[in-house]
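Novice: 130 is the number of the first residue of the sequence shown in the numbering used here; add one for each residue after it.
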Amino acid sequence: MPRKKRQANRKNKNKKKTEESLSWVVTGIVSILVAILALLRFGWLGKELANLLRLLIGDSYLLGGAFLAILGLVMLIYGQPPRFGFKRTSGLILAYLGLLYILASRFFNVRSVHSEFLTAFKNVIFEELARANVTVSVGGGWIGSFLYGILYQLLGQIGGLCLAVLNIISGILMFFDVKFRSLVAAFQKISRSFIQQSKDGAGQLKEKYSEYREQQRKDPNNREKLTDPWRDSEEAKPSLPEIQVAEQHPDPPVTNSLELDDLLKPRSQAEDDQKMILADQQVDHGLDKSTVSYDDNYQFPPLSLLKAVHASDQSSDKDKTRQNTAILEETFKSFGVEVNVKRAILGPTITRYEVQPAVGVKVSRIVNLADDLALALAAKDIRIEAPIPGKPYIGIEVPNQKAQSVAFKDAMEHQDQKAKDHPLMVPLGKDVTGQIISADLTKMPHLLVAGSTGSGKSVAINTILTSILMKARPDEVKLVLIDPKMVELSVYSGVPHLMIPVVTDSRLASKALKKVVDEMERRYKLFAAGSVRNMGEYNRKVAENNKDTSRPVMEPLPYILVVVDELSDLMMVGGHDVENSIVRLGQMARAAGIHMILATQRPSVDVITGLIKANVPSRISFAVSSGVDSRTILDQVGAEKLLGRGDMLYLPIGASKPDRIQGGYIDVDEVEAVVDWVKGQQSAEYDEKMIPQAGDDDESSDDDVDDEYYQQAVDLVRRQQSASTSMLQRRFRIGYNRAARLIDELEEHGVVGPPEGSKPRKVLLPPEGQEE
130 MPRKKRQANR KNKNKKKTEE SLSWVVTGIV SILVAILALL RFGWLGKELA
180 NLLRLLIGDS YLLGGAFLAI LGLVMLIYGQ PPRFGFKRTS GLILAYLGLL
230 YILASRFFNV RSVHSEFLTA FKNVIFEELA RANVTVSVGG GWIGSFLYGI
280 LYQLLGQIGG LCLAVLNIIS GILMFFDVKF RSLVAAFQKI SRSFIQQSKD
330 GAGQLKEKYS EYREQQRKDP NNREKLTDPW RDSEEAKPSL PEIQVAEQHP
380 DPPVTNSLEL DDLLKPRSQA EDDQKMILAD QQVDHGLDKS TVSYDDNYQF
430 PPLSLLKAVH ASDQSSDKDK TRQNTAILEE TFKSFGVEVN VKRAILGPTI
480 TRYEVQPAVG VKVSRIVNLA DDLALALAAK DIRIEAPIPG KPYIGIEVPN
530 QKAQSVAFKD AMEHQDQKAK DHPLMVPLGK DVTGQIISAD LTKMPHLLVA
580 GSTGSGKSVA INTILTSILM KARPDEVKLV LIDPKMVELS VYSGVPHLMI
630 PVVTDSRLAS KALKKVVDEM ERRYKLFAAG SVRNMGEYNR KVAENNKDTS
680 RPVMEPLPYI LVVVDELSDL MMVGGHDVEN SIVRLGQMAR AAGIHMILAT
730 QRPSVDVITG LIKANVPSRI SFAVSSGVDS RTILDQVGAE KLLGRGDMLY
780 LPIGASKPDR IQGGYIDVDE VEAVVDWVKG QQSAEYDEKM IPQAGDDDES
830 SDDDVDDEYY QQAVDLVRRQ QSASTSMLQR RFRIGYNRAA RLIDELEEHG
880 VVGPPEGSKP RKVLLPPEGQ EE
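(1) Here's a check: name, in chain order, each residue in its chain whose Cβ is nearer than 6 Å to the Cβ of residue 807, leaving out the five neighbours to either side.
(2) To the nearest angstrom, how far is it from the Cα of residue 297 to the Cα of residue 316?
(3) Considering only their Cβ atoms, is the gap separating residue 596 from residue 556 smaller than 8 Å?
(4) Does residue 695 come out as helix, strand or coil in the three-state DSSP assignment?
(5) Could you check whether the segment 673-687 touches the segment 702-717, counting it as contact only if at least three pairs of C-beta atoms, one from each stretch, sit closer than 8 Å?
(6) Work out the CA separation of residue 177 and residue 488 for me, nearest whole Å.
(7) Round the Cβ separation of residue 284 and residue 292 to the nearest angstrom and send it over; I've been treating them as touching at under 8 Å.
(8) Grouping DSSP H, G and I as helix and E and B as strand, with all else coil, what is residue 485?
(9) Quick check on residue 870: buried or exposed, where buried means 16 or more other Cβ atoms within 10 Å of its Cβ?
(10) For residue 290, which residues of its own chain have a beta-carbon under 8 Å away from its beta-carbon, when the five flanking residues on both sides are left out?
(11) For residue 243, count neighbouring C-beta atoms within 10 Å of its own C-beta (all shown protein chains included) and say buried if the count is 16 or more, exposed if not.
(12) What number of angstroms, rounded off, separates the C-alpha of residue 802 from the C-alpha of residue 778?
(13) Counting Cβ pairs, one atom from each stretch, are 3 or more of them under 8 Å apart for the segment 178-193 and the segment 251-268?
(14) Helix, strand or coil, according to DSSP, for residue 207 in the structure here?
(15) How would you write the range of the beta strand (DSSP E) that residue 607 sits in, first residue to last?
(16) Can you tell me where the alpha helix (DSSP H) holding residue 760 begins and where it ends?
(17) Have a look at 481, 490 and 451 and flag the residue whose alpha-carbon is nearest the alpha-carbon of residue 461.
(18) Span of the alpha helix (DSSP H) holding residue 289?
(19) Considering only the beta carbon of each residue, do residue 267 and residue 236 sit closer than 8 Å?
(20) Among residues of its own chain, excluding the 5 on either side of residue 221, which ones have a beta-carbon nearer than 6 Å to its beta-carbon?
(21) Assuming residue 646 is part of the alpha helix (DSSP H), what are its boundary residues?
(22) Specify the secondary structure class of residue 493 as computed by DSSP and reduced to three states.
(23) Please say whether residue 588 and residue 794 have beta carbons closer to each other than 8 Å?
(24) So for residue 895, helix, strand or coil by DSSP?
(25) With a threshold of 6 Å on Cβ separation, who are the neighbours of residue 191 within its own chain once the five nearest residues in sequence on each side are excluded?
(26) May I have the straight-line CA-CA distance separating residue 766 from residue 697, to the nearest angstrom?
(27) Does the distance from the C-beta atom of residue 160 to that of residue 200 stay below 8 Å?
(28) Can you look up residue 469 in the DSSP assignment and give me helix, strand or coil?
(29) Give the straight-line distance between the Cα atoms of residue 774 and residue 594, rounded to the nearest whole angstrom.
(30) Where does residue 810 fall in DSSP's three states?
(31) Are at least three pairs of beta-carbons, each pair with one atom in the segment 429-439 and one in the segment 532-549, less than 8 Å apart?
(32) Return the chain-ordered list of same chain residues with a C-beta closer than 7 Å to the C-beta of residue 308, the five sequence neighbours on each side being excluded.
(33) Reducing DSSP to helix, strand and coil, say where residue 815 ends up.
(34) Just how far apart, CA to CA, sit residue 799 and residue 746?
(35) Can you tell me which of 789, 344 and 590 puts its alpha carbon nearest to the alpha carbon of residue 620?
(36) Is residue 690 helix, strand or coil by DSSP?
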C-alpha cells in the first residue's frame, strides 16, 4: 500500500508539472505573438499593442518588445520562465529605469515642457491611441515621465541625468556580476601602469637630452653660444623693449617716423599702419578725446531689475487641440480633400496644426478653405503657412483661447551664449515651438518695423533698446534716437549711450540724419587710410597700435544705432532729404558700423518708398489693417491676420518666408529701472559736433540752385514788393520745384511772410533805397 501511494503521488506531481509547463508554453506563445504584432505594427491591432507598450515604457518599446519575444521563446522551449538571481534582476531594473529617464528628459526638452510632465505625456500618447498611429516620440512612457517629474524637482535636469547614467552603469555591473572591488583594482592597476610608463619615458628622454647637451659642449663651434646666457634670454623674450635710436636726436618727428618694430614688418603693413596713424590725427573724429572717459568699473544692469510673468493656465487649449484635430480632418474630408494632421504645437498665442496633404492634393485647395476652416473651428481668424519651410507639411495657425505672455526677462535669460555676448544681438520673443528668436542687428543690417496703433511696435523698440543697454558699454554702442511723437523714447534721455540728446523736432531730425551720413563718410576716410574694409578690421588695428606705448593713442570706433520711432512724420516734413539720408545709410553704413531701425504705424507707399524698401532688407510687421499694408511692408499678405499685442511676422534678410513670433513684453517700470541703473554708472557725454542745430546750413541739397538764384530773388522781390512761385518761374525760367524752394528759403530768412491762401505773400523787407 505505501508503494502504491508513492507511485500515485509521483504521478500527480508529474501531472501538475506537465500542466504547469503547458501553461508556461501557452504564455510564451502569446508573448511571442504580442511582441511580433507590436514590433512590426501589423494593422490596427498591432499599432494599438505598440501604443500600449509605449504607454508604459515609451520609445524603448522596441527593446521591451524584443525582451518580451525572448522571454516567450525561453518559456516555449523550456516550459518555464528564465530564472535570474535577485542581484541580476535588480541590476536590469536599475539600468532600464535610467534609460527611461534619459528618454523622458529628451522628450520634455524638445517640447520645452517644465511642469505638468504627466499631463503633457498623456496628451501625446492618448492622441496616438485615438488615431492608432505610431508617429511621434513619447519619451520614456508613463514610468519615465513619473520618474522625471520627481527627480526634476529634487535634483534638477543635470542632477537627474547624472543619477540616470550612474544607474545604468551600476545596473550593468550588477547584471554581469562585476564586483566593485575588482573594478577599482583594475582601474588602479591600469592607472599605475600608465604612470610608470610615463616616468620611464620621461627618464629616457632626459638621458637622451643629456647626451645631446654633452655632444654640443664637445663641439668648439657651439662653446661661445652656450656660455652666453643673456643671448639666450633675449632670444627667448623678443617682447622686451628695444633701444630706440631716435632718442639720440634732439627733436624726433613723432608722426612722420616709423618705429623700429615697424621696420621688422613687411613694408606694406608698416606703411598702412603709419597711414592710419596720420589719418587718425588729421581726420576729424567728432569726439573730443579730452572729455571722453569711460569708467573701468562700469557694471551692466542685472536681470533682477526685470519682472517675471507668471505662466497662465493653458490646459483648456491643450484639451482643445485634440478636438480641433478631429474637426480639421472632418472638415477637409467633407470638402473632398484628403489630409492627415500630423501634430499640433501649442505656442504662446497660437496653436499650429501641421497638416500633410495626400498625394495629388494641391496646396491651393487647402489655402482656399481658410474661411471654412475658421468657421468650423469657431476661430476669430486663421493663418495658413503653405508650406512650412523645411517640412513637407502645411501649417494652420489657430489663435489660443488664453494667450501666454512672453516676459522680456525670460527672453534675456534663455538666449544662447553667442547672443548673450554680442551687444547687438537682441531677443525678439518666442516662436510657436517656444524657442527664443534673436536678431543680429549687424547682419540685418537695417530693420523696418511697421504696425498699427496698439499692435506692440513701441514695446518691441523698447525691448531692443533695453537689451542693448543691458549688454553693451557706452564705448561699444552709441545711440541716435529720433522721436517726433515726443513720448516714446524720452525715457532714455540722459543715458550714457546717447551720442546726442533725443531729437524730438522733425526739422532737426532731418539734419541729425545728415550728421550721421557725415560720420559715415568720416569713417570711410579712416578705413581708406588704414587699408581696411570695415569697422571690425579698423578696431583690430587700433588695438594693435595701442599696445605699443610709444605710438599715439587711437580711439576705437563704436557701433552707432539710429532709431526713428515715427518715419511718416519725418517724411511729411522733409521727405526728400530724409529719404536721401536713409538711402545713403542703407547702401553704405553697414561696413562703417552704423545701423538703422525705422518704425512707422502707417506702412503706405508714400512713407515706405521703393528706395527705402530696397535698402532696408529686414522687416518686422505687427498687426496691420489690410493686406495692402502687409504687402507694402513684407511684400506678401499675412500681417492683417495677426492678433496684436506683440504678435509679429519677422522677415530677416535672405529669408523667403517670415517667422511668426510672440514678442517679449517689457513695461515702463522695467525700462525706467534699467535706465536709472545705467545713468547711475556713468553720465551722458554728448558729441557736440553731431548735435543738429536750427541754424545749420543744408549742405546735402540736390544742387546749389539756392546759392545761385537766392540773391537775385531777394532783389526782385524787394523791387516788385510781391512774391509768388509763378513770378519766379517766369522771371528766372526755372521749374516749379526750384521756384517753390526759393520761396521757402525767402520765408525762412524773413524776406517774405507765410502764405495767405490765394493772395500773394507779403514782402517783409522795404524797397531798395527806403531802408531808413
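We treat Cβ as the ideally placed atom computed from N, Cα and C, and that holds for glycine.
Specialist: Straight from the coordinates:
(1) Within the sequence shown, residue 807 is the residue found at index 678, counting from 1. Correct list, in chain order: 598 and 624.
(2) Walking along the sequence shown from the start, residue 297 turns up at place 168. Walking along the sequence shown from the start, residue 316 turns up at place 187. Looking at the two C-alpha atoms, the distance is approximately 19 Å.
(3) By one-based count along the sequence shown, residue 556 stands at place 427. By one-based count along the sequence shown, residue 596 stands at place 467. Yes, Cβ-Cβ distance for residue 556 and residue 596 is below 8 Å.
(4) Here residue 695 is taken as the residue at index 566 of the sequence shown, counted from 1. DSSP places residue 695 in coil when its eight states are reduced to three.
(5) no
(6) Mapped onto the sequence shown, residue 488 falls at position 359. Mapped onto the sequence shown, residue 177 falls at position 48. About 26 Å.
(7) To locate residue 284, count along the sequence shown from 1; it is residue 155. To locate residue 292, count along the sequence shown from 1; it is residue 163. At roughly 6 Å, the Cβ-Cβ gap stays under 8 Å, so residue 284 and residue 292 are in contact.
(8) For this step, residue 485 is matched to residue 356 along the sequence shown. Reduced to three states, the DSSP call for residue 485 is strand.
(9) Start at 1 with the first residue of the sequence shown, and residue 870 comes out as number 741. So residue 870 counts as buried.
(10) The sequence position of residue 290 within the sequence shown is 161, counting from 1. Excluding residues within five positions, the ones whose Cβ falls inside 8 Å are 230, 231 and 234.
(11) By one-based count along the sequence shown, residue 243 stands at place 114. Flag for residue 243 reads exposed.
(12) As a first step, residue 802 is located in the sequence shown; it is residue number 673 there, counting from the start. As a first step, residue 778 is located in the sequence shown; it is residue number 649 there, counting from the start. If you take the alpha carbons of residue 802 and residue 778, they lie about 29 Å apart.
(13) yes
(14) For this step, residue 207 is matched to residue 78 along the sequence shown. Residue 207: helix per DSSP, three-state reduction.
(15) Against the sequence shown, residue 607 aligns to sequence position 478. Taken as a continuous stretch (DSSP letters only), the beta strand (DSSP E) holding residue 607 covers 606-611.
(16) Here residue 760 corresponds to residue number 631 of the sequence shown, with the count starting at 1. Counting along the chain, the alpha helix (DSSP H) containing residue 760 begins and ends at 756-763.
(17) For this step, residue 461 is matched to residue 332 along the sequence shown. The candidate whose alpha carbon is nearest that of residue 461 is 490.
(18) One-based indexing of the sequence shown puts residue 289 at position 160. Taken as a continuous stretch (DSSP letters only), the alpha helix (DSSP H) holding residue 289 covers 270-304.
(19) Reading the sequence shown from its first residue, position 138 is the one you call residue 267. Reading the sequence shown from its first residue, position 107 is the one you call residue 236. Result yes, Cβ atoms of residue 267 and residue 236 sit closer than 8 Å.
(20) Translated into the one-based positions of the sequence shown, residue 221 becomes position 92. For residue 221, where only same-chain residues beyond five positions count, the Cβ hits under 6 Å are 304.
(21) By one-based count along the sequence shown, residue 646 stands at place 517. Segment 635-659, the alpha helix (DSSP H) holding residue 646.
(22) Locating residue 493 in the sequence shown gives position 364, where the first residue counts as 1. Correct three-state label for residue 493: helix.
(23) For the purposes of this step, residue 794 is identified with residue 665 of the sequence shown, where counting begins at 1. For the purposes of this step, residue 588 is identified with residue 459 of the sequence shown, where counting begins at 1. Yes, they are a contact pair.
(24) Translated into the one-based positions of the sequence shown, residue 895 becomes position 766. Coil.
(25) Numbered from its first residue, the sequence shown carries residue 191 at position 62. The answer is none, since no qualifying residue turns up.
(26) Within the sequence shown, residue 766 is the residue found at index 637, counting from 1. Within the sequence shown, residue 697 is the residue found at index 568, counting from 1. Cα to Cα, the separation comes out at about 22 Å.
(27) Here residue 160 corresponds to residue number 31 of the sequence shown, with the count starting at 1. Here residue 200 corresponds to residue number 71 of the sequence shown, with the count starting at 1. Contact flag set, yes.
(28) What you label residue 469 is simply residue 340 of the sequence shown in a count that begins at 1. In this structure, residue 469 counts as strand in the three-state DSSP scheme.
(29) Translated into positions along the sequence shown, residue 774 becomes position 645. Translated into positions along the sequence shown, residue 594 becomes position 465. Their backbone Cα atoms lie some 19 Å apart in a straight line.
(30) Here residue 810 refers to the residue found at position 681 when the sequence shown is read from its first residue. Note: residue 810 maps to helix in three-state DSSP.
(31) yes
(32) Residue numbering aside, residue 308 sits at position 179 when the sequence shown is read from its first letter. Closer than 7 Å at the Cβ level, and outside the excluded window around residue 308, lies no residue.
(33) If you number the sequence shown from 1, residue 815 lands on position 686. Note: residue 815 maps to coil in three-state DSSP.
(34) To locate residue 799, count along the sequence shown from 1; it is residue 670. To locate residue 746, count along the sequence shown from 1; it is residue 617. Taking the straight line joining both Cα atoms gives about 31 Å.
(35) Reading the sequence shown from its first residue, position 491 is the one you call residue 620. The residue with the shortest Cα to Cα distance from residue 620 is 590.
(36) Here residue 690 corresponds to residue number 561 of the sequence shown, with the count starting at 1. Reduced to three states, the DSSP call for residue 690 is strand.
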